[in-house]
Each structure stands twice: as C-alpha cells, then as structure tokens.
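> Residue numbers (our numbering): 27 to 204.
#1: So, helix, strand or coil for residue 140, using DSSP?
#2: Return the residue from the list 34, 47 and 119 that minimises the CA-CA distance to residue 201.
#3: Is residue 131 helix, strand or coil when you go by DSSP?
#4: Taking DSSP as the reference, what is the three-state secondary structure of residue 44?
#5: Between residue 35 and the rest of its own chain, which residues show a CB-CB distance below 8 angstroms, the 5 nearest in sequence each way excluded?
#6: What residues match up with residue 120 in a beta bridge as DSSP calls it?
#7: What is the DSSP secondary structure of residue 190, reduced to helix, strand or coil?
#8: Classify residue 30 as buried or exposed, calling it buried when 16 or more other Cβ atoms lie within 10 Å of its own Cβ.
#9: Sorted by chain position, which residues of the same chain lie with C-beta nearer than 7 angstroms to residue 120's C-beta, five sequence neighbours on each side aside?
#10: Taking the alpha carbon of residue 208 as the point to measure from, which residue in 192, 137, 106 and 193 has its own alpha carbon closest?
#11: Would you list the residues sitting across from residue 161 in a DSSP beta bridge?
#12: One question on the structure: do residue 85 and residue 125 come within less than 8 angstroms of each other, judged by their Cβ atoms?
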C-alpha cells in the first residue's frame, strides 16, 4: 500500500501542486480544493506549523553597526562633493537583528524547500511593479501562526465539505486554518 496519495499525477507535477496549495493555504488562510488533495496538503501544512511552534523562540538578538544614508526633510539622500564627485553621506547606526540559532535556521530552510516565494500585488495598483511586495511566509509561520497555535497539540487545519463538483463529480472541500 502507498504511503501517500498519487493524485493521478507524475511525481514532479504532484510535488509542484502540493507546494503551491500549501503556499496558498498559509498565505491566504483557506483554499478550495478536492478532498484527496486537501488531505495531502493538510499533512504538509500541519508539519510546517509544528516546526514553527517548536522553533519560534529559538533565536538571539544581536546588535550590529550599519551604515544608513542620511536623508533631508523631503526624504531624499544628502549628497556632498568629495574630489569633484557627488557622494552620498552615510551615518553609522546600531541596529538590533534576530539571529537564528542552528535548529531554527534548519527549520527555516526546511520550510523554504516546500514554500514558493509569494509576491502580493494590491488590487488598486495592479500592473505597477513598485506597488508589489514580497511576503516572507517563514516569518509569518514563526511570528503569526506559531504564537497563535502555541497551546494546541495539533489539529491546526479544518476540512469543510461543500459538495460535488459539477464537471466531474469530485468531492470539493474548503481547507482552512483553525
């Protein structure tokens, strides 16, 4: 007997489908799909959330010195002339960053193996590249979902059956985060 559902697809197509659906589930909070696919996506998503819960506090805050461009009152960079060239003026600033400990870094890399990069485009600025922003789903897992589900011992998702699909009669469900 097989250890997982093959979903009528070759392995590369199946992996891509499951990665995409897990990414969309964690990004949007719910997806509409077939029953068999939902059960496979549920396993992967719950494993990622469990990893995030385990490693959520496993980091250290480090203070580093960074150079930041000096800005004027309009928010533009201040430039001064040095040896006949205009050069941006930089100030040295102390900045606190979160540094992952090795086990959290490993968990983050395991999550990145599964999750696709997500870019959000606001509906009112569609077609404008400057308005897009990248969503870091690993940070969302560690900060949002891990704190939300910290008290739970599993069961982070819910499958709600919504009926048969009109075209082929497949059972459709909504898979959502609890």
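C-beta: ideal position from N, C-alpha, C; glycine also.
On the basis of the supplied data:
#1: Translated into the one-based positions of the chain shown, residue 140 becomes position 114. Shown here, residue 140 sits in a helix according to DSSP, grouped into three states.
#2: The residue you call residue 201 lines up with position 175 of the chain shown. Of the candidates 34, 47 and 119, the residue whose Cα lies closest to the Cα of residue 201 is 47.
#3: What you label residue 131 is simply residue 105 of the chain shown in a count that begins at 1. Here residue 131 sits in helix by DSSP.
#4: Translated into the one-based positions of the chain shown, residue 44 becomes position 18. Three-state DSSP puts residue 44 in a helix.
#5: Locating residue 35 in the chain shown gives position 9, counting from the first residue. Around residue 35: 43.
#6: Locating residue 120 in the chain shown gives position 94, counting from the first residue. DSSP output for residue 120 lists 91 as bridge partner(s).
#7: In the chain shown, counting from the first residue as 1, residue 190 sits at position 164. In this structure, residue 190 counts as strand in the three-state DSSP scheme.
#8: Numbered from its first residue, the chain shown carries residue 30 at position 4. Exposed, because fewer than 16 other Cβ atoms sit within 10 Å of the Cβ of residue 30.
#9: Taking the chain shown and counting its residues from 1, the one referred to as residue 120 is at position 94. Same-chain partners within the cutoff: 89 and 91.
#10: Nothing in the structure corresponds to residue 208, since the chain is present only between 27 and 204.
#11: Your numbering for residue 161 matches position 135 in the chain shown. Residue 161 pairs with 144.
#12: Here the question's residue 85 lines up with position 59 in the chain shown. Here the question's residue 125 lines up with position 99 in the chain shown. The answer is yes: Cβ separation under 8 angstroms.
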